[in-house]
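Colleague: As they're listed, the protein sequences go chains A and B. For the first sequence, numbering that gives the first Met the number 0 begins at 0 and goes up steadily by one. For the second sequence, numbering that gives the first Met the number 0 begins at 0 and goes up steadily by one. Even for Gly, the Cβ is constructed at its ideal location relative to N, Cα and C.
2 protein chains.
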Amino acid sequence: MDVKAEVERKLEAAVSRASRDVCPPGLASAVSYAVFPGGARIRPLLCLGVAQACGNVGDAALSGAAAIEMLHCASLVHDDLPCFDDADTRRGKPTVHRAFGQPLAVLAGDALIVLAFETVATACQDDPRRLPAMVGILSRSVGMTSGLIAGQAWESEAEVAVGTYHAAKTGALFVAAAMMGAASAGADAAAWKDFGSLLGEAYQVADDIRDATSTEGELGKPVGRDAALGRPTAVNHLGLGGAVAHLDRLIDRALQAVPACPGQVPFREKVRAEVRWFVPKDHAQFAA
Amino acid sequence: MDVKAEVERKLEAAVSRASRDVCPPGLASAVSYAVFPGGARIRPLLCLGVAQACGNVGDAALSGAAAIEMLHCASLVHDDLPCFDDADTRRGKPTVHRAFGQPLAVLAGDALIVLAFETVATACQDDPRRLPAMVGILSRSVGMTSGLIAGQAWESEAEVAVGTYHAAKTGALFVAAAMMGAASAGADAAAWKDFGSLLGEAYQVADDIRDATSTEGELGKPVGRDAALGRPTAVNHLGLGGAVAHLDRLIDRALQAVPACPGQVPFREKVRAEVRWFVPKDHAQFAA
């Protein structure tokens with residue numbers, strides 16, 4: 000099956016079901032605008048890849064994948080708000096608060112958080128055995144201790160360890176995607192935590208490299224913001240060549256961390272083939 | 000048992016568990032500030048009253064009650080933001096964004112939404128059979144079609160039916176509280192919908208009466224804001240005496256809507272005794 004198309008269909012079904020009947024039209028538009036058209040949908044595809052490696056891609060996995068993407072979209076909408084990044088563009092178009100105003104941007108983010116939980120609960124209505132684990136994974140991925148919300152809140156603190164910040168801000172949702180794939184397939188979710196964490200770290204380093212080497216047109220959002228905001232990045236810390244070498248090492252470690260599962264070998268091959276998309280240009284040109 | 004003390008204990012346990020380990024300290028403080036000290040805790044007490052009437056107040060009911068209160072607190076924090084009500088005080092102290100700044104207010108609201116879902120999932124870990132219904136009730140109570148988020152979003156629309164607005168903004172959480180009490184006790188949640196809806200309508204009318212007849216010191220928040228913002232209220236529409244008579248009729252209808260259950264008679268008596276607290280002063284003095 001074309002998993003990317005399946006993810007889009009699941010997202011469309013969830014958003015349109017949520018907007019049915021008497022939904023305020025501005026809010027319905029803002030939520031849809033925040034989710035479509037999407038980016039690379041890396042996190043839900045990762046979730047489904049893990050579910051497939053564990054031998055079971057069913058409606059629970061698709062719903063879990065869609066839920067994770069909705070939490071990702073929610074965090075982008077709130078992070079872009081004037082009180083945080085004050086971003087004007089995202090995915091090549093005006094941010095939600097620029098297009099719909101701040102009130103609907105705050106509410107669209109809230110609505111997407113709620114919809115994520117509702118989506119997994121609906122999928123587990125007839126067989127709720129996997130639901131506690133799935134809700135737990137979603138909660139921790141965005142929660143105030145080590146999830147996206149914690150990551151964003153660290154920006155309000157005078158001091159934070161860089162590793163703690165990135166683990167919450169970027170890593171948590173990769174960990175959740177990998178664990179959700181396993182949990183939704185009825186496999187041991189905890190065994191996938193290290194893989195998700197290392198892949199998330201690799202993605203963060205790749206993002207730092209993109210931010211330092213791309214143009215706004217290529218990324219669909221402003222570049223160089225991390226440096227402008229004085230945020231610590233792998234490129235600042237290790238130099239461009241060092242960051243690229245670090246990225247390669249992280250990808251190797253992530254592949255080694257893939258736990259035993261029915262589809263371990265093809266899954267590793269797929270991850271190795273797809274992580275090159277983390278960095279749009281061939282990053283070898285920057286290697287020292 | 001002292002149910003109000005039990006609710007506080009459950010809320011404290013959930014908030015402190017969520018703030019453990021490496022939670023950003025500012026966020027932990029903002030979330031705690033948003034929840035404690037609480038108001039009358041009407042919604043969680045309603046939830047537990049229904050669970051008791053259905054014959055079963057266990058950890059699921061307490062968790063469901065705490066989750067509903069957390070969603071209520073989240074909505075207050077977001078509704079108070081400068082882009083919505085721009086409120087300076089709430090429950091007799093500065094609002095969260097006045098005390099902690101807008102970024103932490105947005106994040107505290109987000110965190111409380113997530114924590115609500117996490118709390119019910121944790122309570123149902125060993126027996127997940129009631130979890131899909133409980134997550135569904137929470138989702139609908141705040142969701143974008145007819146929940147709190149919808150209610151707030153209607154304020155961004157040029158036109159809305161007053162009934163639709165109040166049902167979403169106030170009624171949805173009363174419906175959820177009643178249905179959650181039944182669902183967590185393993186009873187038929189849908190049978191409690193009308194009771195919750197009528198009680199919510201009564202509370203809204205009582206709130207209109209309070210807003211028109213109290214001082215800021217009595218309420219711990221500014222008064223007369225509904226009139227100042229041109230919002231339709233029962234007092235504007237029916238006059239004070241008419242609003243009080245309407246309130247009494249709604250309470251009678253709510254009591255009639257209490258479905259058959261093991262504790263129907265004492266539950267009705269309790270509701271009749273407690274709704275007088277909806278209006279702090281003896282509202283009889285305003286009756287026509």
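Grouping DSSP H, G and I as helix and E and B as strand, with all else coil, what is P24 of chain B?
Modeller: Position 25 of the second sequence, counted from the first residue, corresponds to residue 24 of chain B. Three-state result, P24 of chain B: helix.
Colleague: Only counting the same chain, and skipping five residues up and downstream in sequence, which positions put a Cβ closer than 6 Å to that of A149 of chain A?
Modeller: In the first sequence, residue 149 of chain A corresponds to position 150, counting from 1. Cβ within range, chain order: M143, A167.
Colleague: Can you find at least 3 beta carbon pairs, one from the segment 103–111 of chain A and one from the segment 9–26 of chain A, that sit closer than 8 Å?
Modeller: At 8 Å Cβ cutoff, the stretches touch.
Colleague: Hey, is L103 of chain A's beta-carbon within less than 8 Å of any beta-carbon in chain B?
Modeller: Translated into the one-based positions of the first sequence, residue 103 of chain A becomes position 104. Cβ-Cβ to chain B under 8 Å: yes for L103 of chain A.
Colleague: Would you verify that the beta carbon of S31 of chain A is, or is not, closer than 8 Å to some beta carbon of chain D?
Modeller: No chain D is part of this structure, whose protein chains are labelled A and B.
Colleague: For the segment 118–134 of chain A, enumerate the residues whose C-beta is nearer than 7 Å to any C-beta of chain B, in chain order.
Modeller: Listed in sequence order: A120, C123, Q124, P127, R128, L130, P131, V134.
Colleague: What is the DSSP secondary structure of P102 of chain A, counted as helix, strand or coil?
Modeller: On the first sequence, position 103 is the one that residue 102 of chain A refers to. In the structure shown, P102 of chain A sits in a helix (DSSP, three-state: H, G or I).
Colleague: Ordered along the chain, which non-local residues of its own chain (more than five positions away) have a Cβ less than 7 Å from that of C72 of chain B?
Modeller: Here the question's residue 72 of chain B lines up with position 73 in the second sequence. So the list reads A33, V34, L111, once near-sequence residues are dropped.
Colleague: Going along chain B, which residues have a C-beta under 8 Å from P23 of chain A?
Modeller: Taking the first residue of the first sequence as position 1, residue 23 of chain A is located at position 24. Simply M143, A149, A152, W153, S155, E156, V159.
Colleague: With a cut-off of 8 Å, do at least 3 Cβ pairs link the segment 63–82 of chain A to the segment 3–17 of chain A?
Modeller: They touch, by the three-pair rule.
Colleague: Mind checking the segment 61–77 of chain B against chain A and listing, in chain order, the residues whose C-beta falls within less than 7 Å of any C-beta there?
Modeller: Flagged, chain order: H77.
Colleague: Along chain A, in chain order, which residues have C-beta atoms closer than 7 Å to that of A17 of chain B?
Modeller: Residue 17 of chain B sits at position 18 when you count from the first residue of the second sequence. What A17 of chain B touches in chain A: G142, M143, T144.
Colleague: Contact defined as beta carbons within less than 8 Å: I believe N55 of chain A pairs with G185 of chain A. What is the distance between those atoms, to the nearest angstrom?
Modeller: If you number the first sequence from 1, residue 55 of chain A lands on position 56. If you number the first sequence from 1, residue 185 of chain A lands on position 186. 6 Å between Cβ atoms; contact.
Colleague: Note the first and the last residue of the continuous alpha helix (DSSP H) segment covering S62 of chain A.
Modeller: The residue given as residue 62 of chain A occupies position 63 in the first sequence. 58–78 is the span of the alpha helix (DSSP H), which, as asked, contains S62 of chain A.
Colleague: Less than 8 Å between the beta carbons of A60 of chain A and G195 of chain A, yes or no?
Modeller: Within the first sequence, the letter at position 61 stands for residue 60 of chain A. Within the first sequence, the letter at position 196 stands for residue 195 of chain A. No. Outside cutoff.
Colleague: Applying the criterion that 16 or more other CB atoms from any shown protein chain within 10 Å of the CB defines a buried residue, is T214 of chain B buried or exposed?
Modeller: Sequence index remark: in the second sequence, residue 214 of chain B carries index 215 (1-based). It counts as exposed.
Colleague: According to the neighbour-count rule (16 or more other Cβ atoms, all chains shown, within 10 Å of its Cβ), is R306 of chain B buried or exposed?
Modeller: Here chain B covers residues 0 to 287 and nothing more, so residue 306 of chain B does not appear.
Colleague: With DSSP collapsed to three states, give me the class of P93 of chain A.
Modeller: As a position in the first sequence, residue 93 of chain A is number 94, starting the count at 1. If DSSP states are grouped into helix, strand and coil, P93 of chain A belongs with the strands.
Colleague: Hey, is the segment 80–89 of chain B in contact with the segment 86–94 of chain A, meaning 3+ C-beta pairs nearer than 8 Å?
Modeller: These segments do not touch.
Colleague: Who are the Cβ neighbours of G262 of chain A in its own chain at under 7 Å, not counting the five residues just before and after it?
Modeller: Your numbering for residue 262 of chain A matches position 263 in the first sequence. Same-chain partners within the cutoff: Q51, A52, G54.
Colleague: Just to confirm my understanding: we take V274 of chain B, look at its own chain, exclude 5 residues before and 5 after, and list those with CB closer than 7 Å. What are they?
Modeller: Residue 274 of chain B sits at position 275 when you count from the first residue of the second sequence. For V274 of chain B, where only same-chain residues beyond five positions count, the Cβ hits under 7 Å are A201, I250.
Colleague: Does any C-beta atom of chain A lie closer than 8 Å to the C-beta of L80 of chain B?
Modeller: Here residue 80 of chain B refers to the residue found at position 81 of the second sequence. True, the Cβ-Cβ gap to chain A drops below 8 Å.
Colleague: Using a Cβ-Cβ cut-off of 6 Å (strictly less than) and excluding sequence neighbours within five positions of V161 of chain A, which residues of its own chain qualify?
Modeller: Here the question's residue 161 of chain A lines up with position 162 in the first sequence. P231, listed in sequence order.
Colleague: Excluding five sequence neighbours on each side, which residues of the same chain lie with their C-beta closer than 8 Å to the C-beta of A189 of chain A?
Modeller: Position 190 of the first sequence, counting from 1, holds the residue named residue 189 of chain A. Excluding residues within five positions, the ones whose Cβ falls inside 8 Å are M178.
Colleague: What are the residues in the segment 173–187 of chain B lying within 9 Å of chain A by C-beta distance?
Modeller: Listed by position, the residues of the segment 173–187 of chain B near chain A (Cβ gap below 9 Å) amount to none.
Colleague: State the Cα-Cα distance for the pair F285 of chain A and G170 of chain A, rounded to the nearest angstrom.
Modeller: To locate residue 285 of chain A, count along the first sequence from 1; it is residue 286. To locate residue 170 of chain A, count along the first sequence from 1; it is residue 171. Residue placement at F285 of chain A is flagged as unreliable, the pLDDT there being 42, under the threshold of 50; the coordinate-derived value follows with that caveat. Roughly 24 Å separates the two Cα atoms.
Colleague: Short check: CB of A120 of chain B to CB of L197 of chain B, under 8 Å?
Modeller: As a working note, residue 120 of chain B is residue 121 in the second sequence. As a working note, residue 197 of chain B is residue 198 in the second sequence. Cβ distance not < 8 Å, so A120 of chain B and L197 of chain B don't count as in contact.
Colleague: So, K3 of chain A versus S62 of chain A, is the Cβ gap smaller than 8 Å?
Modeller: Sequence index remark: in the first sequence, residue 3 of chain A carries index 4 (1-based). Sequence index remark: in the first sequence, residue 62 of chain A carries index 63 (1-based). Cβ atoms of K3 of chain A and S62 of chain A: not closer than 8 Å.
Colleague: What in chain B is Cβ-close to L106 of chain A, meaning under 7 Å?
Modeller: Locating residue 106 of chain A in the first sequence gives position 107, counting from the first residue. By Cβ distance, chain B contributes I148, Q151, A152.
Colleague: Can you pull the chain A residues whose beta carbon is under 8 Å from the beta carbon of S138 of chain B, in chain order?
Modeller: Position 139 of the second sequence holds residue 138 of chain B. The answer, in chain order, is V113, L114, F116, E117, A120.
Colleague: Taking the alpha-carbon positions, what's the L45 of chain A to S31 of chain B distance?
Modeller: Position 46 of the first sequence holds residue 45 of chain A. Position 32 of the second sequence holds residue 31 of chain B. About 35 Å.
Colleague: What distance in whole Å lies between the Cβ atoms of A182 of chain B and R129 of chain B, which are believed to be in contact at a cut-off of 8 Å?
Modeller: Position 130 of the second sequence, counting from 1, holds the residue named residue 129 of chain B. Position 183 of the second sequence, counting from 1, holds the residue named residue 182 of chain B. Confirmed, about 6 Å.
Colleague: How big is the Cα-Cα spacing for A242 of chain A and V234 of chain A?
Modeller: Looking up residue 242 of chain A in the first sequence gives position 243. Looking up residue 234 of chain A in the first sequence gives position 235. Those two C-alpha atoms are separated by around 5 Å.
Colleague: By how many angstroms is the C-alpha of R42 of chain A removed from the C-alpha of W191 of chain A?
Modeller: Looking up residue 191 of chain A in the first sequence gives position 192. Looking up residue 42 of chain A in the first sequence gives position 43. If I take the Cα positions, the gap works out to 14 Å.
Colleague: Taking the CB atoms as reference points, tell me whether L80 of chain B and A64 of chain B lie closer together than 8 Å.
Modeller: In the second sequence, the residue the question calls residue 80 of chain B occupies position 81. In the second sequence, the residue the question calls residue 64 of chain B occupies position 65. No, Cβ-Cβ distance for L80 of chain B and A64 of chain B is not below 8 Å.
Colleague: Starting from the N-terminal side, write out each stretch of the alpha helix (DSSP H) that is 4 residues or longer and does not extend beyond the segment 198–266 of chain A.
Modeller: List check, alpha helix (DSSP H) in window: 215–218, 224–227, 233–255.
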